[in-house]
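Participant:
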Amino acid sequence: MRTSRDPDGDSPADSRPRPSAALSWSVVVLSLVGLTAVLAVTGVVLGRETRPAPFLVVVPALIAGRGTVRQTVVASGWVTAVIAASLVDTPLKTMGADAAVVVFALVFNGLSVARAAQRIRSQGEIARLRSAAAALQRQILRPFPLMTDELLVHGLYRPVEEDSRVGGDLYEVVASPYGSRVFIADVQGKGLQAISAAFAVLSAFREAAVAEPTLTAVVDALEEAVLRHNSFAAQTGDGDRFVTALVLNVDGEEEAQAVNCGHVAPLLLRNGRVGRALHADPCVPLGLDALAAEPRTVEWFGFPADGTLVLCTDGVTEARDPSGAFYPLEERAAGWGEVLPKDIPATVYRDLRRHTADRSRDDTALLVLRRRGGPVL
5 MRTSRDPDGD SPADSRPRPS AALSWSVVVL SLVGLTAVLA VTGVVLGRET RPAPFLVVVP
65 ALIAGRGTVR QTVVASGWVT AVIAASLVDT PLKTMGADAA VVVFALVFNG LSVARAAQRI
125 RSQGEIARLR SAAAALQRQI LRPFPLMTDE LLVHGLYRPV EEDSRVGGDL YEVVASPYGS
185 RVFIADVQGK GLQAISAAFA VLSAFREAAV AEPTLTAVVD ALEEAVLRHN SFAAQTGDGD
245 RFVTALVLNV DGEEEAQAVN CGHVAPLLLR NGRVGRALHA DPCVPLGLDA LAAEPRTVEW
305 FGFPADGTLV LCTDGVTEAR DPSGAFYPLE ERAAGWGEVL PKDIPATVYR DLRRHTADRS
365 RDDTALLVLR RRGGPVL
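Start counting at 1 in the sequence shown, then tack on 4, and there's your number in my numbering.
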């Protein structure tokens with residue numbers, strides 16, 4: 005199976021799902037010893053006996069929610085031993101009640117251990133499903149760099165594999181008789197249903213990009229693909245989805261064509277300056293054409309031989325730092341004067357990790373387009 009490359013280097017990116025943060029042994033031991041000590045000291049200071057059972061019996065259940073099975077077993081054994089030891093010198097007449105307390109602790113602790121084991125099994129199964137979904141998503145997208153007669157395309161693609169949030173970011177570059185067709189899109193929603201919609205629209209693009217002479221005809225084919233998918237999904241109980249997309253056509257001319265269907269606008273980098281490549285208002289996303297007052301139109305824009313186009317999904321522009329601030333892509337791009345186009349994806353990836361404190365919550369896709377035959381960088 006093909007592995008993706010980590011933008012930071014040449015080693016394959018680790019596609020395994022990240023495990024949820026677990027309790028450390030130091031936290032478990034300090035919690036058990038500390039709570040026991042507090043109960044003992046409280047009894048001495050207040051001059052009365054403090055029964056540990058009501059306070060300690062819930063500790064294994066709390067540890068079972070985040071800890072391992074072994075940690076829960078250790079906590080259960082400790083709690084049971086402390087409760088039993090506290091009842092050694094009790095009067096004979098209360099022996100029956102004290103025995104019931106110990107039995108209750110044993111049963112409750114046993115249930116805590118079982119709950120920890122069940123939680124870990126469930127987390128493992130969910131992690132495998134997330135990883136499989138992300139692997140499927142990777143397999144339908146081609147690895148970078150991508151090349152046609154007109155373009156050399158470097159890029160970044162990182163699916164999120166946590167919290168059932170695997171999304172529907174997609175991209176493609178196709179050589180056609182009419183020039184190089186470039187496609188980047190983001191399917192509404194997350195999960196396997198979003199991947200299914202992504203596969204449908206990606207397949208439609210690969211076919212239409214070669215067959216259709218105009219860019220609007222390509223977009224019409226994508227619109228029909230989304231509508232067909234929504235019709236089929238409705239039969240299985242899934243809701244309608246729309247797709248934000250940007251479709252480009254680049255040929256040998258100084259200008260390129262674009263149809264922006266509600267997507268993030270591309271940036272043009274040239275001579276150390278950064279600006280929006282498109283200026284018209286975007287059209288409606290794919291799947292929503294019936295709501296538009298006017299048909300989608302093509303916008304022409306300058307793409308000179310020494311220019312660099314940067315396309316991305318909202319996983320880049322809407323990535324948030326811990327305070328909630330969005331990632332300022334255009335502002336950061338202004339500082340890329342010494343960065344080679346082929347190194348921009350790695351630069352963005354490292355910067356995104358710093359910005360989000362390595363806690364990205366959405367798929368990330370970014371394309372860097374250069375004309376072939378231009379300046380060698």
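Using N, Cα and C, we set each Cβ at its ideal position, and we do this for glycine too.
The structure displayed is predicted, hence computed values, not measured ones.
1) Excluding the 5 residues preceding and the 5 following A213 in the sequence, name in chain order all residues of the same chain whose CB lies nearer than 8 Å to its CB.
2) Tell me whether the segment 259-276 and the segment 298-308 touch, counting them as touching only if at least three CB pairs, one residue from each stretch, are closer than 8 Å.
3) Could you tell me the boundaries of the alpha helix (DSSP H) in which L66 lies?
4) Taking all protein chains shown into account, decide if A79 is buried (16 or more other Cβ within 10 angstroms of its Cβ) or exposed.
5) Using the three-state DSSP reduction, which class does D318 fall into: helix, strand or coil?
6) Quick check on the burial criterion: 16 or more other C-beta atoms within 10 angstroms. Buried or exposed for N264?
7) Going by C-alpha to C-alpha distance, which of T72, G71, V77, V105 sits closest to I87?
8) Which one of Q75, V63, A44 has the shortest CA to CA distance from S28?
9) My output table needs one value for H233: the three-state DSSP class, helix, strand or coil.
10) Assuming V372 and V157 are in contact, meaning their beta carbons sit under 8 Å apart, how far apart are those beta carbons, in whole angstroms?
11) What did DSSP end up calling T368 once you bin it into helix, strand or coil?
12) Drop a sphere of 10 angstroms on the beta-carbon of L344, count the other beta-carbons inside from all chains shown, and report buried for 16 or more, exposed for fewer.
13) So which of T240, R162, P289, A215 has the shortest CA-CA distance to S200?
14) Give the straight-line distance between the Cα atoms of D285 and G377, rounded to the nearest whole angstrom.
15) May I ask which residues mark the beginning and end of the beta strand (DSSP E) holding H158?
16) Would you tell me roughly how many angstroms separate the C-alpha atoms of R365 and V352, rounded to the nearest one?
17) Assign D190 to buried or exposed, taking buried as 16 or more other Cβ atoms, counted over all protein chains shown, within 10 Å of its Cβ.
18) Using the C-alpha atoms, what's the distance from G328 back to R374?
19) Is it buried or exposed, I387, if we count other Cβ atoms within 10 angstroms and call 16 or more buried?
20) For W82, report the span of its alpha helix (DSSP H) as first-last.
21) Just tell me which of A237, R300, L315 has its CA closest to the CA of Q220.
22) State the Cα-Cα distance for the pair L3 and A202, rounded to the nearest angstrom.
23) Counting only runs of 4+ residues fully inside the segment 193-247, write out the alpha helix (DSSP H) ranges in chain order.
24) What residue does the beta strand (DSSP E) around L282 start on, and which one ends it?
25) Mind listing, in chain order, the continuous alpha helix (DSSP H) runs of no fewer than 4 residues lying wholly within the segment 283-315?
26) Measure the C-alpha to C-alpha separation of T40 and A89 and round it to an integer number of angstroms.
27) So, A85 versus A120, is the Cβ gap smaller than 9 Å?
28) Which value, in whole angstroms, describes the spacing of the CA atoms of G266 and A198?
29) Measure from the alpha carbon of K346 to the alpha carbon of each residue in V77, S126, M151, N113, then state which is nearest.
30) Using the beta-carbon count (16 or more within 10 Å), is D173 buried or exposed?
31) So G71 and V32 are supposed to be a Cβ contact under 8 Å. How far apart are they, rounded?
32) On the DSSP letters alone, give me the boundaries of the alpha helix (DSSP H) that A337 sits inside.
33) Within the continuous alpha helix (DSSP H) that includes V1, where are the two ends?
34) Please work out which residues of its chain come closer than 7 Å, Cβ to Cβ, to V77, disregarding the five sequence neighbours upstream and downstream, and give them in chain order.
35) Whose C-alpha, out of L43, N234, A103, N113, is nearest the C-alpha of L66?
36) So the candidates are R363, P289, V61; which of them puts its Cα closest to the Cα of R245?
Facilitator: Inspection of the coordinates gives the following:
1) E176, V178, S180, R185, F187, V222
2) Contact holds: three or more Cβ-Cβ distances are below 8 Å.
3) Looking at the DSSP string, the run of the alpha helix (DSSP H) that includes L66 is 63-68.
4) buried
5) helix
6) buried
7) Nearest C-alpha to I87 among T72, G71, V77, V105: V105.
8) Q75
9) It is helical.
10) 7 Å
11) Of the three classes helix, strand and coil, the one that applies to T368 here is strand, per DSSP.
12) exposed
13) Proximity to S200 across T240, R162, P289, A215 peaks at T240, based on C-alpha coordinates.
14) 32 Å
15) Annotation for H158: the continuous beta strand (DSSP E) segment containing it runs 155-162.
16) 16 Å
17) buried
18) 33 Å
19) Residue 387 cannot be examined here, being either before or after the span of the chain that is shown, 5 to 381.
20) 73-90
21) Gln is not the amino acid found at residue 220; the sequence shown has Thr there. For T220, the nearest C-alpha among the options comes from R300.
22) Missing from the structure shown is residue 3; the chain here goes from 5 to 381 and no further.
23) 196-215, 219-239
24) Per DSSP, L282 belongs to no beta strand (DSSP E) and is neither H nor E.
25) none
26) 12 Å
27) no
28) 17 Å
29) M151
30) D173 counts as buried, since at least 16 other C-beta atoms from the protein chains shown sit within 10 angstroms of its C-beta.
31) 6 Å
32) 333-337
33) The chain is shown only over 5 to 381; residue 1 falls outside these bounds and no answer can be derived.
34) V117
35) For the set L43, N234, A103, N113, the Cα lying nearest the Cα of L66 is the one of N113.
36) P289
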